[in-house]
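K.L.:
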Amino acid sequence: MNDQRLGIRKIVYYSEEILLENGLSPAVPAVRATAAAVVTNPWLGGEATDDLGEDVVQLAPVLARKLTDVLAANLGGVEAIQAFGKAAIVGTNGEIEHGAALIHTPFFGNLVREFFEGESIICFADDRADAGASLVVPLWHKNAAATRTHYQTITTRIGDAPRPDEIVVVLGASTGPRPHSRIGDRLTDPIVKADTVGELVS
Amino acid sequence: MSIRKIVTLTEDVLIEGGRDVTPNARVAVVAAIVKNPWAGQGFVEDLSPGIDGNASDIGALLAPRVLEALGAPAEAYGKAAIVGLNGEIEHGSGLIHTLAFGNHFRDAANATTLLPAVEKRGPAGVVFDIPLKHITDATIRSHHQSIEVRINDAPHADEIVIALAAAAQGRPQQRLAAFATETK
């Protein structure tokens, strides 16, 4: 089945390569990117109790394949991708649940993990908005979600999407950590409780 | 030349007006976020040293990248300079309105026409549209188009966003009369 028959109107790729942060080159260079697909909402005019499963099975795997392919092709292959995240922006005629249906089931998430060779839960953002809304997409490490160096975000936005009858489905990825990440990790953290910080919270 | 970040954007249109676009229509943008060479200097009368020291290097950096992002021969192109709030629009114009900048793109794309441009000043996250026209004949109406860009954290007040845009084709579903054919 071709992309148009599934209602895919547009594919947008956006990347940021940071050369300087606070005047200094990152010790570990990284590119952050998003790939976004603008699709017709397949559930328009339905009821709040409708079963969404049938269209999820048809559409979500195609989006997982397409968005992972775009990111891998632009970022130097699956091996280069260290962090990932996902998002959906539902147009104003849709339900938030419609966006959730496309990104929160195994027909998207499991396939993204398989194609990106990752094991983590995929962190996410979702929203309902007019065309041109921006959304911050969280990313974390694809195999070790608690790796603090890789907590980062990238902002996604498409000027003419989503229309009221559309959904924008976004996959984010990064080839490395934050620039100058230096706030420790779970392994190095002290034990912090209210007693430890004392008067600051009393 | 101090570059903080390089942004790449591609848009592939698969459907326009409810009909398939075959082949898909692609427009690409590559932007460099650079330090304003004249930041903090007050009114600088002669901009040429700053232009000579930066414009060619930025053009040489962006031209091959935008063509690589396009992944096809360019048929239309354009450019942009978005100046941060502390700068003059003349600063951005200085960096892009010189052959030393534009010829890198023109030569790489086998182009001959002037590059249409947007110059404006705005805060980080400002939305701007880059106009594109045909690379060898600016009267070819099918190729008049634009692409919208926004970079969330740029330009800072002392920065300038310099961008090039390239399209592999004219507008999706273009079907207007050619230039001058409708006049009496």
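Each protein sequence line maps, in turn, to chains C and Y. For the first sequence, this note's numbering assigns the number 1 to the initial residue and increments by one for each residue that follows. For the second sequence, this note's numbering assigns the number 1001 to the initial residue and increments by one for each residue that follows. Ideal Cβ positions, reconstructed from N, Cα and C, are used throughout, including at glycine.
1) For glycine 1094/Y versus leucine 1164/Y, is the C-beta spacing smaller than 8 Å?
2) What does the Cβ neighbour count give for glycine 118/C, buried or exposed, with the cut at 16 atoms within 10 Å?
3) Can you pull the chain Y residues whose beta carbon is under 9 Å from the beta carbon of valine 12/C, in chain order?
4) Whole angstroms is fine: what's the gap from methionine 1001/Y's alpha carbon to glutamate 21/C's?
5) In this structure, does DSSP put serine 1251/Y in helix, strand or coil?
6) Can at least three beta-carbon pairs, one atom from the stretch 143-159 of chain C and one from the stretch 77-91 of chain C, be found at a separation below 8 Å?
7) If you scan the stretch 1084-1128 of chain Y from start to end, which runs of the beta strand (DSSP E) of 3 or more residues do you find wholly inside it?
8) Just reading off the beta strand (DSSP E) that threonine 153/C is part of, what are its end residues?
9) As an exercise, report each continuous beta strand (DSSP E) stretch of at least 3 residues that is fully enclosed by the stretch 11-89 of chain C, in chain order.
10) Would you mind giving the Cβ-Cβ distance between alanine 1074/Y and alanine 1109/Y, rounded to the nearest angstrom? I have them listed as a contact below 8 Å.
11) Going along the chain, which residues of its own chain have a beta-carbon closer than 6 Å to the beta-carbon of arginine 9/C, five neighbours each way excluded?
12) Could you tell me the alpha carbon to alpha carbon distance between valine 1127/Y and alanine 83/C, rounded to whole angstroms?
13) Report the residue from Val170/C, Pro179/C, Ser174/C and Thr149/C whose alpha carbon sits nearest the alpha carbon of glycine 76/C.
14) Give me the Cα-Cα distance between proline 1037/Y and valine 197/C, rounded to the nearest whole angstrom.
15) With a 10 Å radius around its C-beta and 16 neighbouring C-beta atoms as the bar for buried, classify leucine 171/C as buried or exposed.
16) Rounded to a whole number of angstroms, what is the C-alpha to C-alpha distance between glycine 99/C and valine 136/C?
17) Just to confirm, are leucine 63/C and valine 169/C a CB contact at a threshold of 8 Å?
18) Do isoleucine 1160/Y and glycine 1092/Y count as a contact pair if the criterion is CB distance below 8 Å?
19) What residue from Ile121/C, Glu166/C, Arg128/C and Ile167/C has the CA that sits closest to alanine 231/C's CA?
20) I'd like the list of long-range same chain contacts for valine 1118/Y, defined as Cβ closer than 7 Å, with 5 residues on each side in sequence excluded.
21) Closer than 7 Å, Cβ to Cβ, to anything on chain Y: give me those residues from the stretch 21-48 of chain C, in chain order.
22) Tell me the DSSP bridge mates of alanine 1163/Y?
23) Residues of the stretch 149-164 of chain C in Cβ contact with chain Y at a cutoff of 9 Å, in chain order, please.
24) Looking at the unbroken beta strand (DSSP E) that takes in histidine 141/C, where does it start and where does it end?
25) Kindly indicate the opening and closing residues of the beta strand (DSSP E) around glycine 205/C.
26) Who are the Cβ neighbours of alanine 1157/Y in its own chain at under 6 Å, not counting the five residues just before and after it?
27) Measure the alpha-carbon distance for proline 1172/Y versus valine 1021/Y and round it to whole angstroms.
28) Can you grab the Cα-Cα spacing for the pair aspartate 3/C / serine 15/C, in whole Å?
29) Which partner residues of alanine 161/C appear in the DSSP bridge assignment?
30) Which word fits alanine 101/C, buried or exposed, when buried means at least 16 other C-beta atoms lie within 10 angstroms of its C-beta?
31) Is there a Cβ from chain Y that is less than 8 Å from the Cβ of isoleucine 18/C?
32) Per DSSP, which residues does leucine 1132/Y bridge with? Please list them.
33) Go ahead and pull the three-state DSSP assignment for arginine 1019/Y.
P.N.:
So, from the listed chains and residues:
1) no
2) buried
3) Leu1009, Thr1010, Glu1011 and Asp1012
4) CA-to-CA, the gap between methionine 1001/Y and glutamate 21/C works out to about 15 Å.
5) Past the boundaries of the shown model lies residue 1251/Y; chain Y is included only from 1001 to 1184, so the question cannot be answered.
6) yes
7) 1117-1121
8) 152-157
9) Note on the stretch 11-89 of chain C: whole beta strand (DSSP E) runs with a minimum of 3 residues are 31-40, in chain order.
10) 4 Å
11) Val38
12) 28 Å
13) The shortest C-alpha separation from glycine 76/C is found at Ser174/C.
14) 45 Å
15) Buried.
16) 15 Å
17) yes
18) yes
19) This structure cannot speak to residue 231/C, because chain C is shown only from 1 to 202.
20) Ala1080, Phe1128, Asp1129, Ile1130 and Pro1131
21) none
22) Ala1031/Y and Ala1080/Y
23) Taking 9 Å as the upper bound on Cβ-Cβ separation, chain Y lies near residues Ile154, Thr155, Arg157, Ile158, Gly159 and Asp160 of the stretch 149-164 of chain C.
24) 134-141
25) Given that chain C is displayed from residue 1 to residue 202, the structure contains no residue 205/C and the question cannot be resolved.
26) Gly1084, Leu1085 and Asn1086
27) 6 Å
28) 23 Å
29) Ile158/C
30) buried
31) yes
32) Gln1145/Y
33) strand
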